[in-house]
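Here is the structure we will look at, set down as structure tokens.
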Amino acid sequence: MRLVTRIFRSWFGAPGAELTRRQRYAYMWKLFITVMSTAVIVPLAVATTISFYQYRSLSNQETRDKLTLDTQSAKQAFEYHINETLSTMLVVAQGYEYGELFEQDNLETLFARLRNEYWWVVDLGALDVNGVQKAYVGPFPFQGVDYSGQDWFQNAYSRKSNVSDIFTGYRGSPHFVVSVTNGVPGSDGYWMLRASIDAEHLKGFITTINTDAATDMFLVGQDGTLRTRSNNHGSVGDPYGGPLAALNHVTVQETKESGSPELMAQTQIEGLPWILVLERQGLVHGNSWNQFRMQLFGIVFLCAAAALYIIFRVTRVMINMIVKADTRRDEILAEAQHTAKLASVGQLAAGVAHEINNPLAIITEKIGLIQDLTKQSSTFSEKERFLDLTKGAADAVERCRDITHRLLGFARRMDVKTEPVRLNDVIRDVISFVEREAGYRNIRIEMSLDDEIPAIISDRGQLQQIFLNIINNAIDAVDKDGFIRIGTTVEKSGMVSTTITDSGPGIPSNIIGHIFEPFFTTKFRNDTSGTGLGLSITYGLVKKLCGQINAKSPPGEGASFIVEFPVNCDAVD
Amino acid sequence: MREAKEINVLLVDDETEFAETLAERLRLRAFNVTVASRAEEALAVLDSGTRPDVILLDLKMPGLDGLDALGEIRSRYPEVATIMLTGHGATETSMEGMRKGAFDYLLKPVDIGDLTAKIEQAAGKKTGGRQ
Chain B
1 MRLVTRIFRS WFGAPGAELT RRQRYAYMWK LFITVMSTAV IVPLAVATTI SFYQYRSLSN
61 QETRDKLTLD TQSAKQAFEY HINETLSTML VVAQGYEYGE LFEQDNLETL FARLRNEYWW
121 VVDLGALDVN GVQKAYVGPF PFQGVDYSGQ DWFQNAYSRK SNVSDIFTGY RGSPHFVVSV
181 TNGVPGSDGY WMLRASIDAE HLKGFITTIN TDAATDMFLV GQDGTLRTRS NNHGSVGDPY
241 GGPLAALNHV TVQETKESGS PELMAQTQIE GLPWILVLER QGLVHGNSWN QFRMQLFGIV
301 FLCAAAALYI IFRVTRVMIN MIVKADTRRD EILAEAQHTA KLASVGQLAA GVAHEINNPL
361 AIITEKIGLI QDLTKQSSTF SEKERFLDLT KGAADAVERC RDITHRLLGF ARRMDVKTEP
421 VRLNDVIRDV ISFVEREAGY RNIRIEMSLD DEIPAIISDR GQLQQIFLNI INNAIDAVDK
481 DGFIRIGTTV EKSGMVSTTI TDSGPGIPSN IIGHIFEPFF TTKFRNDTSG TGLGLSITYG
541 LVKKLCGQIN AKSPPGEGAS FIVEFPVNCD AVD
Chain Y
574 MREAKEINVL LVDDETEFAE TLAERLRLRA FNVTVASRAE EALAVLDSGT RPDVILLDLK
634 MPGLDGLDAL GEIRSRYPEV ATIMLTGHGA TETSMEGMRK GAFDYLLKPV DIGDLTAKIE
694 QAAGKKTGGR Q
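The listed protein sequences correspond, in order, to chains B and Y.
Sequential numbering from 1 applies to the first sequence in my numbering.
Sequential numbering from 574 applies to the second sequence in my numbering.
Structure, rendered in structure tokens:
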């Protein structure tokens with residue numbers, strides 16, 4: 001638990017810690033990765049594990065079923081071969097009278113017919129009641145041999161038919177004897193017909209059964225030794241070594257004899273002294289299973305890798321979107337704060353202008369009355385001088401009135417209202433507002449306004465904001481003793497263009513591409529002067545009025561701002 | 574200058590210093606001027622039967638606002654011409670006044686020449702209307 005906590009803290013950081021924005025993004029990234037990976041990998045692992053064990057269980061069961069079926073089939077095939085041979089011999093033998101089979105010709109004819117059907121019969125002999133082979137057809141010199149002392153003869157003597165165990169006998173090679181009898185044992189009319197079959201041929205019976213190379217099929221005698229050669233346990237006569245269950249039905253069990261798990265099926269062959277054994281490497285332990293396992297884990301690994309790759313990519317895209325959204329939100333917030341500040345300044349300006357206007361009106365009227373009364377006086381000796389002085393005072397009040405009217409005009413710029421606007425008039429208004437400041441700094445303002453430019457449908461207040469900010473920036477850039485040139489014209493595209501050029505130090509080429517980005521202008525220019533609008537807000541206002549703004553700054557030639565507006569902009573709101 | 578023009582003016586403005594000075598200047602120019610410092614007072618003057626030719630009405634006043642007073646005057650005494658005086662400079666307010674039937678509007682501080690010309694125009698229009 002402590003280890004998990006330590007890993008959690010090293011991955012996510014200590015809980016409750018104050019995070020910087022960058023750390024918060026890193027935390028979100030880790031959280032997304034962890035949650036999404038867990039959501040994908042855990043179900044994948046669970047599904048894979050369940051599939052793995054279910055498939056293994058099914059495969060095991062299928063292997064057991066197939067082994068059972070194969071064993072059953074092998075048993076039936078084996079019994080079929082032996083019983084067929086016995087049946088044929090019985091039928092044939094019953095077709096002969098006593099003594100006829102002791103004649104060599106008859107026996108040869110019978111052997112030929114028998115071999116024709118059952119090629120695995122090695123020889124054929126006819127024995128009398130004493131166990132003496134009266135006639136014999138086969139490769140060995142066994143004519144007249146006495147079998148009365150042989151175990152197989154004693155077992156078969158009193159039975160209608162019999163199949164012996166495998167033994168070497170006179171010929172010295174493993175074989176077994178299939179025999180049928182006729183007549184009453186001990187009487188003169190009794191005889192026995194015997195056929196021998198090489199033990200090797202038993203293997204022939206078995207190999208005709210359709211089994212795969214992974215299956216070892218062999219016979220084991222009641223004494224626990226092999227009756228046929230086994231791939232895993234040796235040759236005929238070698239001890240089998242494994243557990244034996246002499247049951248007529250098929251039993252299947254799992255062993256680990258050769259070090260690797262195997263399935264073993266056994267069954268007693270009915271009427272014969274042998275147990276049929278099939279051993280097979282189970283599918284779940286064989287190459288097929290290993291191949292399946294490799295494929296399964298390979299696919300799962302690839303799926304997990306692909307899922308993790310997609311999760312990483314998606315997470316990165318999501319975090320980038322969040323970062324962009326946060327940045328945009330900050331920009332909007334800053335813009336809103338700026339706008340609110342401007343609105344406050346506007347309200348303040350409107351209030352000041354209104355409050356000043358009333359006293360100005362009183363002063364104007366008082367001066368006017370003084371002038372009226374002075375003009376009516378015929379005795380006042382300083383009349384002309386007095387009138388001249390009051391005129392000076394009236395002019396000063398008139399200037400104040402212009403200023404308050406202009407202040408009121410700018411205070412109203414927050415209202416959005418489109419109307420036909422002559423850019424030249426807007427520029428003149430703005431210039432009248434800044435020319436005193438420019439004059440103090442000995443900055444010459446040169447205007448080259450094209451009187452032919454058409455009126456544009458736009459917002460006068462916002463246009464004033466735009467040009468006031470650019471011109472204020474230009475004044476700040478020139479600082480003192482320079483010029484600002486303002487020109488208007490109509491472009492071929494129909495856009496009304498205004499170019500404002502200053503004789504300031506210009507804008508370095510490496511940052512000119514970024515000056516309209518939020519907060520960037522402060523790096524090279526103090527844009528908090530004048531109205532306080534930054535170039536980014538100016539850019540936003542220009543865009544809002546469907547216009548475009550560009551900056552140029554050839555080395556040593558100051559900076560130029562080119563602002564273009566369409567004659568009509570339906571999108572202005 | 575003192576020749577009587579027989580034009581009666583009702584000047585309504587809460588800035589009494591401004592109103593009294595302007596009234597005196599107008600009287601010097603032979604206008605008959607009555608001063609009211611509130612819109613309610615102006616309406617009382619009208620209700621008493623006095624009928625000025627022109628009313629000079631300040632828009633921003635305590636109590637009944639200039640625009641509301643204008644509405645009252647235009648509805649009750651449509652024959653009286655009203656010129657709005659405003660120090661606020663809000664074009665929308667002035668335009669609203671024009672829509673309510675004001676003869677014209679002037680921004681404070683006003684030029685006395687412009688003002689007298691407007692008063693005479695307003696009084697003449699009214700006179701013409703009567704004829």
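No residue lacks a Cβ here, since even glycine has one placed at the ideal position from N, Cα and C.
This structure is a prediction, so every number in the text was calculated from the model and none was measured.
Is it buried or exposed for residue i, if we count other Cβ within 10 angstroms and need 16 for buried?
i       : result
H405(B) : exposed
P566(B) : buried
L247(B) : exposed
W119(B) : exposed
R525(B) : Here R525(B) scores only 43 on pLDDT, less than 50, and its place in the model should not be relied on; the value that follows carries that caveat. With 16 or more other Cβ atoms within 10 Å, it is buried.
R328(B) : exposed
T531(B) : Reliability of the predicted coordinates at T531(B) is poor, the pLDDT of 35 falling under 50, and the value obtained from them is presented with this limitation in mind. Flag for T531(B) reads buried.
H249(B) : exposed
L348(B) : exposed
S51(B)  : exposed
I7(B)   : exposed
Q94(B)  : exposed
T700(Y) : Note on T700(Y): pLDDT 44, under 50, position unreliable in the model; no value is reported.
W11(B)  : exposed
L110(B) : buried
T594(Y) : buried
Q133(B) : buried
T71(B)  : buried
Q61(B)  : exposed
M574(Y) : Bear in mind that the predicted position of M574(Y) carries a pLDDT of just 48, short of 50, making it too unreliable to give a figure here.
F205(B) : buried
N472(B) : buried
Y147(B) : buried
I500(B) : buried
A396(B) : exposed
Select from the options the residue whose C-alpha is nearest the C-alpha of residue i.
i       : options                               : result
I310(B) : I41(B), A477(B), V490(B) and E117(B)  : I41(B)
A577(B) : I367(B), Q376(B) and T374(B)          : In the structure displayed, chain B extends from 1 to 573; residue 577(B) sits before or after that span and is not available.
R600(Y) : E365(B), D165(B), E97(B) and L272(B)  : E365(B)
P682(Y) : S179(B), P505(B) and R401(B)          : R401(B)
Y576(B) : V180(B), F205(B) and T501(B)          : Outside the modelled stretch of chain B, which goes from 1 to 573, sits residue 576(B), for which no answer is possible.
Q253(B) : Q337(B), W274(B), T68(B) and T499(B)  : T68(B)
C303(B) : L44(B), R21(B) and Y27(B)             : L44(B)
L86(B)  : L272(B), Q222(B) and L423(B)          : L272(B)
E614(Y) : K673(Y), G639(Y) and A596(Y)          : G639(Y)
F483(B) : D388(B), N442(B), L463(B) and R385(B) : N442(B)
E491(B) : V563(B), F153(B) and Q94(B)           : V563(B)
L449(B) : E331(B), R428(B) and E100(B)          : R428(B)
A156(B) : V145(B), P139(B), V236(B) and N182(B) : N182(B)
C569(B) : Q548(B), R485(B) and S344(B)          : Q548(B)
D216(B) : A74(B), T418(B) and Q150(B)           : A74(B)
I579(B) : Y440(B), E437(B), V314(B) and D223(B) : Residue 579(B) is absent from the model: chain B starts at 1 and stops at 573.
I33(B)  : S432(B), E100(B) and A307(B)          : A307(B)
G99(B)  : A135(B), M28(B), T501(B) and R444(B)  : A135(B)
How close, in whole Å, do the beta carbons of residue i and residue j come, if the pair is a contact with beta carbons under 8 Å?
i       : j       : result
D652(Y) : I580(Y) : Note that residue 652(Y) is Glu in the sequence shown here, rather than Asp. That pair is no contact at about 14 Å.
L219(B) : L202(B) : 6 Å
I575(B) : Y25(B)  : There is simply no residue 575(B) to check, as chain B begins at 1 and stops at 573 in what is shown.
E262(B) : T251(B) : No, E262(B) and T251(B) are not in contact; Cβ-Cβ is about 14 Å, not under 8 Å.
V434(B) : R460(B) : The pair is not a contact, with the Cβ atoms about 17 Å apart (cut-off 8 Å).
M264(B) : E279(B) : 5 Å
L643(Y) : L629(Y) : Wrong, their Cβ atoms sit about 12 Å apart, outside the cutoff.
Do the region 648-657 of chain Y and the region 672-682 of chain Y make contact, defined as three or more Cβ pairs closer than 8 Å? They touch, by the three-pair rule.
Check whether the region 122-135 of chain B and the region 186-193 of chain B are in contact - that is, three or more C-beta pairs closer than 8 Å. Yes, the region 122-135 of chain B touches the region 186-193 of chain B.
Are the region 597-610 of chain Y and the region 579-587 of chain Y touching, with three or more C-beta to C-beta distances below 8 Å? In the pairwise beta carbon analysis, the region 597-610 of chain Y is classified as touching the region 579-587 of chain Y: at least three pairs are separated by under 8 Å.
Residues of the region 392-407 of chain B with a CB closer than 7 Å to any CB of chain Y: list them in chain order, please. Those would be V397, R401 and H405, in chain order.
Contact set between the region 451-479 of chain B and chain Y, restricted to residues whose Cβ is under 7 Å from the partner: Within the region 451-479 of chain B, no residue has a Cβ that lies closer than 7 Å to any Cβ of chain Y.
The region 418-438 of chain B: positions lying closer than 8 Å to chain Y by Cβ: For the region 418-438 of chain B, no residue has a beta-carbon sitting nearer than 8 Å to a beta-carbon of chain Y.
Taking any Cβ of chain B, which residues in the region 578-601 of chain Y have a Cβ under 7 Å from it, in chain order? For the region 578-601 of chain Y, which is checked against every Cβ of chain B, the residues closer than 7 Å are E588, E590, F591, T594, L595, E597, R598 and L601.
Proximal residues, the region 682-698 of chain Y versus chain B, C-beta separation under 8 Å: For the region 682-698 of chain Y, the beta-carbon criterion of a distance under 8 Å to any beta-carbon of chain B is satisfied by P682, V683 and I685.
At a Cβ cut of 7 Å, what residues of the region 355-368 of chain B count as close to chain Y, listed as they run along the chain? Within the region 355-368 of chain B, contact with chain Y at the beta-carbon level (separation under 7 Å) is assigned to N357, N358, L360, A361, I362, T364, E365, K366 and G368.
Relative to chain Y, which residues along the region 321-351 of chain B have a C-beta separation below 9 Å, given in chain order? Of all residues in the region 321-351 of chain B, A350 have a Cβ within less than 9 Å of some Cβ in chain Y.
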